[in-house]
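Read in order, the letters of the sequence shown are residues 228 to 647 in our numbering. Note that CB positions come from ideal geometry on N, CA and C, so glycine has one too. Below is one structure, written out as structure tokens; the observations come after it.
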Amino acid sequence: MQAMVNFRLPLKRGSKEKGSNSYPFSMEKLHFLMVLFILLNLQFPSLLLLSSASTLPTKYFINCGSVSNISLSGREFVGDLNVGSFSIGPSSAISILTTNSSTDTSLYQTARIFKSQSSYDFDITDFGFYYVRVHFFPFFSGRTNLADAHFDVSAFNFSLLSDFRIKDNSNSPLIKEYLLTINAAKFSIHFTPREKSFAFVSAIEVFLVPDKEFVSDELDLITPSGLSDYRYAGVRSELLLTIHRVDVGGPQNNDSLWRNWIPDDDYLLPGESGKTCVPYEGTLNYDVNGANNYSASDLVYKTCRELNIEGSEGSSNYSKLTWAFDVSRSAMHLVRLHFCDIISKDASDVFFNLYFYGNFTHMISTNNISNLLAAPLYYDLVVESDDSGFIDISVGPRKDSKNKTAYLNGVEIMEFMKGV
């Protein structure tokens, strides 16, 4: 059974705005403006998309254990001693100042310690998808070594971290990122020390994802045996932990939501006949039915890795490109694959196959969304891992494609977290 990918992607709609009675328009002027608006959106559909996705979140960004505010990459981390629309629950928490740290940012010069169960509590005014990031940077201060901490972290009856210890790494912080839906006026992150130990945290981010349709609630389900006859329902009720975020064929980079993308070299299987695409230098053609400028960085869509088919002309045996990503065994994952055709001369030139664990699952045809080249889009799947501890993802050409190649721009893998 062959399945063509149905790209269920965020649909951006313009918002209605009440006009002012102070500046009345004649019917002729109003008609002219309406026609002009329609023509502009037909000619430049990305304008509406970009205008509706132009506001970056401003809260919550917390500098734990500090009275100082720290600016970092467009974010203002507020010292948690200046309590405002968030609070710190009852605890014996103390603030300590590092005396021996080589970190290159002042964000990790302080931390908050919990010697008993406690929490950070946040007032939520806008419901929707939220990114939650918890930062840890261990250091010595007096007789306290934060690397000795042993604790659990939870939220909304989900376990974020269990039996958690952090290695003493003075070079870089450990950042755990989660994605979840918050539909309550209060959101709490709980820290629970293990017996005779303590918990700590260096910084916290809790912010609304600007895209309200960021993830669909029902997605195709991939098992180790292939594409399931059943779809996975209830994705929006899950709490997801980011495991991998990879710019395929591109360099390390960060996007507008401060997500870190890393190169794919360590995941591409040895001996694969792939090559990096020539980086695209033009303007991306964002479509209202495709990805938007919050889906990934432009660099993800302007770079890719494609099948190297040189020397295979006339051959009916076309290989595949395969990546292997380490994951938890026998767990459920949200896998987001990013595509942008920057290699074709015509939008109908390329369609190809997608495989998981070597099994064909979908035919990828990016012109389902747009008849333009360089039009970013992504596709979400729920994937069940097997006992190997890896998810294998492959793309391969089709014999009935005009241009017998295949490509991939980006991969994100998020694990479904278990309840407490």
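| Query | Result |
| --- | --- |
| State the Cα-Cα distance for the pair Arg302 and Asn410, rounded to the nearest angstrom. | 24 Å |
| Which residue spans inside the stretch 394-449 form an unbroken beta strand (DSSP E) run of at least 3? | 401-409, 413-420, 426-428, 430-435 |
| Are the CB atoms of Gly623 and Phe552 nearer to each other than 8 Å? | no |
| Look at the Cβ atom of Leu334, then the Cβ atom of Val361, and state whether they are nearer than 8 Å. | no |
| Indicate the three-state DSSP secondary structure (helix, strand or coil) for Leu496 in the structure shown. | coil |
| According to DSSP, simplified to helix, strand and coil, what is Ala574? | coil |
| Enumerate in chain order the residues of its own chain whose CB-to-CB distance from Glu499 is below 7 Å, with the five nearest sequence positions on each side excluded. | Leu548, Thr549 |
| Less than 8 Å between the CB atoms is what I'm expecting for Lys529 and Ile591, so what's the real figure, rounded? | Actually they are not in contact, since the Cβ atoms of Lys529 and Ile591 sit about 19 Å apart, beyond 8 Å. |
| Can you grab the Cα-Cα spacing for the pair Val562 / Leu534, in whole Å? | 21 Å |
| On the CB-based measure, 16 or more other CB atoms within 10 Å of its CB, does Leu496 come out buried or exposed? | exposed |
| Determine the burial state of Ser464: buried for a count of at least 16 other Cβ atoms within 10 Å of its Cβ, exposed for fewer. | exposed |
| Whole angstroms is fine: what's the gap from Ala382's alpha carbon to Asp627's? | 49 Å |
| May I have the straight-line CA-CA distance separating Ser452 from Tyr459, to the nearest angstrom? | 16 Å |
| Mapping DSSP to helix, strand and coil, what is Arg370? | coil |
| Could you give the distance in angstroms between the alpha-carbon of Trp488 and the alpha-carbon of Gln479? | 5 Å |
| Could you tell me which residues DSSP pairs with Asp491 in its beta bridges? | DSSP, once it has assigned bridges, lists no residue as partnering Asp491. |
| Does the Cβ of Asp491 have 16 or more other Cβ atoms within 10 Å, making it buried, or fewer, making it exposed? | buried |
| Does the distance from the CB of Phe363 to the CB of Val305 come in under 8 Å? | no |
| Could you tell me the alpha carbon to alpha carbon distance between Ala633 and Ala574, rounded to whole angstroms? | 14 Å |
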